[in-house]
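The opening position of the sequence shown corresponds to residue 18 in our numbering, with each subsequent residue numbered one higher.
Glycine is no exception: its CB is placed at the ideal position from the N, C-alpha and C atoms.
Please read all numbers here as calculations on a predicted model, not as lab measurements.
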Amino acid sequence: MAQNWTESLIRNGIPVVAPDGTQPAKILQYRRYAVQVHHFRIAQAVSIKPSGPGLQPVSQRIVQEEDPALWNKLERTASRAVYAAGWQAGVVKLELRGKSAVVVACEELSGSGRLAARPIHLPHKQPVLIGMDPEFVLLRDNGRIALASRYVGRRGLTGSDGIRVRGRVLHPIVELRPQPASDPDLLFRRLKGALVRAARQITDKDLRWAASGMPVRGIALGGHIHISGIALTDEVVRALDQYVALPFLMVEDSASLRRRPKYGCLGDVRRQPHGGFEYRTLPSWLVAPKYTYAAIVLCKLAAEHAGRLTTRSLFDRRLQEAYYAGNKQVLLPVVRQLYEEWQSLPAYVPYSRKLKPFWDQALSGESWSCDRDMRHAWKLFRYQCQT
Numbered sequence: 018m019a020q021n022w023t024e025s026l027i028r029n030g031i032p033v034v035a036p037d038g039t040q041p042a043k044i045l046q047y048r049r050y051a052v053q054v055h056h057f058r059i060a061q062a063v064s065i066k067p068s069g070p071g072l073q074p075v076s077q078r079i080v081q082e083e084d085p086a087l088w089n090k091l092e093r094t095a096s097r098a099v100y101a102a103g104w105q106a107g108v109v110k111l112e113l114r115g116k117s118a119v120v121v122a123c124e125e126l127s128g129s130g131r132l133a134a135r136p137i138h139l140p141h142k143q144p145v146l147i148g149m150d151p152e153f154v155l156l157r158d159n160g161r162i163a164l165a166s167r168y169v170g171r172r173g174l175t176g177s178d179g180i181r182v183r184g185r186v187l188h189p190i191v192e193l194r195p196q197p198a199s200d201p202d203l204l205f206r207r208l209k210g211a212l213v214r215a216a217r218q219i220t221d222k223d224l225r226w227a228a229s230g231m232p233v234r235g236i237a238l239g240g241h242i243h244i245s246g247i248a249l250t251d252e253v254v255r256a257l258d259q260y261v262a263l264p265f266l267m268v269e270d271s272a273s274l275r276r277r278p279k280y281g282c283l284g285d286v287r288r289q290p291h292g293g294f295e296y297r298t299l300p301s302w303l304v305a306p307k308y309t310y311a312a313i314v315l316c317k318l319a320a321e322h323a324g325r326l327t328t329r330s331l332f333d334r335r336l337q338e339a340y341y342a343g344n345k346q347v348l349l350p351v352v353r354q355l356y357e358e359w360q361s362l363p364a365y366v367p368y369s370r371k372l373k374p375f376w377d378q379a380l381s382g383e384s385w386s387c388d389r390d391m392r393h394a395w396k397l398f399r400y401q402c403q404t
């Protein structure tokens, strides 16, 4: 995975300042930080004043965790940069420009040059729990979005998610939040229950329910998976990208590509207050049950068995470019190999029959359709007819 880190970061949608020495003087007014991260956690963050090229500071002050918003921004941006560069640990020089953090320099750390990250405390034999908060939108006959907040609240099992439009916060997205479970089949049933509840709340049967990555231009939808009971490490996230995100690209429609790399880039994870993390790379797989079931099972198994799922070809430059371009023809041989690896994993065997429809489609390269109302696939119309 040795490659130019600048190209890797740009390909993954991470803002980078070109290190050509021609930056305007006003840039010196931006706040600058040198952040060392290891496995998506800050080992040290230092506020610095610049002194020439590279990472050498004139003066420095260690940043404490008292400002959670700043800390999270530094940790997330630096972690994304190190991951995109193909490293486990690194030090990243950042500039805060308004609400954005821009990478100025990046350097890999290994061995004695690496500080120990904050310890990860996980109870022994803690069960692996999988949760989710997938999204969909409600569309009128003219293709315009109906606000989800007209039908569901903001919190709870069936809620709404907001976006900012011209200074106003609107809630056009329906978000489902079933209770997490360690059993994929139980979580799937709980999600179906959330869909049934949504059908009973959304009384306008003329609205079309649409999932996928971007069924409407400008509205990016995610199929976020929450995982707890497993430490957030480089190995786990690379397994999720390789063994889950790559097969899912084979079934996505072309419109889903528009959400990347701003949303759903490789390695898109967030640490969560519940002690686990959220994997955010996948688009909304609510299009049909077979995609939903595959997302649940494959994410759980990839996280649990990352040490046995060792292929990392997606981080080759050519394949990664094919991923972001949606070039299924280039990626198909890799996906065939991944399917064979999945079949050889003992923990996969109990789910193999139910997952076969997903793999049949992935290996054919046939895209799902976000134009078809997802209520058909989930058989939800009968619940809307009840009073």
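C-alpha gap between residue i and residue j, whole angstroms
{"i": "glutamine 53", "j": "alanine 98", "result": "11 Å"}
{"i": "proline 74", "j": "glutamate 125", "result": "Low local confidence applies: a pLDDT of 48 at proline 74 is under 50, so the model's placement there is unreliable, with the coordinate-based value given in what follows. For proline 74 and glutamate 125, the distance between alpha carbons rounds to 18 Å."}
{"i": "proline 367", "j": "valine 121", "result": "48 Å"}
{"i": "glycine 103", "j": "glutamate 269", "result": "25 Å"}
{"i": "tyrosine 356", "j": "arginine 114", "result": "43 Å"}
{"i": "alanine 228", "j": "proline 32", "result": "28 Å"}
{"i": "serine 301", "j": "proline 278", "result": "15 Å"}
{"i": "tyrosine 194", "j": "tyrosine 280", "result": "Per the sequence presented here, residue 194 reads as arginine, with tyrosine not at that position. Looking at the two C-alpha atoms, the distance is approximately 20 Å."}
{"i": "lysine 209", "j": "threonine 309", "result": "10 Å"}
{"i": "aspartate 84", "j": "leucine 91", "result": "11 Å"}
{"i": "glutamine 196", "j": "asparagine 21", "result": "42 Å"}
{"i": "leucine 156", "j": "aspartate 388", "result": "10 Å"}
{"i": "leucine 174", "j": "arginine 207", "result": "10 Å"}
{"i": "arginine 167", "j": "leucine 187", "result": "11 Å"}
{"i": "glutamine 354", "j": "threonine 328", "result": "9 Å"}
{"i": "tyrosine 365", "j": "tyrosine 341", "result": "28 Å"}
{"i": "isoleucine 59", "j": "arginine 49", "result": "16 Å"}
Same chain, Cβ closer than 7 Å to residue i, five either side skipped, listed in chain order
{"i": "alanine 42", "result": "Note that alanine 42 has pLDDT 42, beneath the 50 cutoff, so the model's placement of it is unreliable and no number is given."}
{"i": "lysine 307", "result": "Pro374, Phe375"}
{"i": "lysine 371", "result": "Tyr310"}
Residue j beta carbon less than 8 Å from that of residue i
{"i": "valine 80", "j": "serine 64", "result": "yes"}
{"i": "leucine 348", "j": "leucine 274", "result": "no"}
{"i": "glycine 247", "j": "valine 352", "result": "First, the amino acid is wrong: residue 247 is isoleucine here, not glycine. Contact flag unset, no."}
{"i": "leucine 257", "j": "alanine 319", "result": "yes"}
{"i": "isoleucine 236", "j": "proline 189", "result": "yes"}
{"i": "valine 304", "j": "phenylalanine 57", "result": "no"}
{"i": "isoleucine 162", "j": "valine 233", "result": "yes"}
{"i": "glutamine 337", "j": "arginine 28", "result": "yes"}
{"i": "alanine 216", "j": "valine 191", "result": "no"}
{"i": "glycine 107", "j": "cysteine 282", "result": "no"}
{"i": "glutamate 358", "j": "leucine 331", "result": "no"}
Chain-order list of residues whose beta-carbon lies under 6 Å from that of residue i (same chain, five-residue window excluded)
{"i": "alanine 9", "result": "What the structure shows of the chain is the stretch from 18 to 404, and residue 9 is not part of that stretch, so it cannot be assessed."}
{"i": "serine 384", "result": "Asp270"}
{"i": "arginine 392", "result": "Trp226, Phe398"}
{"i": "valine 261", "result": "Leu315, Cys316, Ala319"}
{"i": "histidine 241", "result": "Asp150, Glu295, Arg297"}
{"i": "alanine 204", "result": "Here residue 204 is leucine; the residue named in the question, alanine, does not match the sequence. Cβ within range, chain order: Ile147, Ala198, Ile313."}
Segment limits, beta strand (DSSP E) that includes residue i
{"i": "histidine 55", "result": "48-55"}
{"i": "methionine 391", "result": "Run containing methionine 391: none in the beta strand (DSSP E); it sits in the alpha helix (DSSP H), 391-395."}
{"i": "tryptophan 226", "result": "225-227"}
{"i": "serine 117", "result": "117-125"}
{"i": "lysine 110", "result": "106-114"}
{"i": "valine 351", "result": "Taken as a continuous stretch (DSSP letters only), valine 351 belongs to no beta strand (DSSP E), being part of the alpha helix (DSSP H) at 345-361."}
{"i": "phenylalanine 294", "result": "294-296"}
{"i": "serine 245", "result": "242-245"}
Closer than 8 Å to chain B by CB, residue i
{"i": "alanine 262", "result": "The structure shown contains no chain B; it is built from a single protein chain."}
Endpoints, the alpha helix (DSSP H) within which residue i is located
{"i": "lysine 90", "result": "85-102"}
{"i": "lysine 209", "result": "201-218"}
{"i": "phenylalanine 375", "result": "369-381"}
{"i": "glutamate 321", "result": "306-321"}
Rounded distance between the beta-carbons of residue j and residue i, thought under 8 Å
{"i": "histidine 322", "j": "glutamine 289", "result": "The Cβ separation is near 22 Å, so there is no contact."}
{"i": "aspartate 251", "j": "glutamine 105", "result": "5 Å"}
Other residues of its chain near residue i: CB distance less than 8 Å, five sequence neighbours each side excluded
{"i": "valine 213", "result": "Leu397, Tyr400"}
{"i": "serine 117", "result": "Pro32"}
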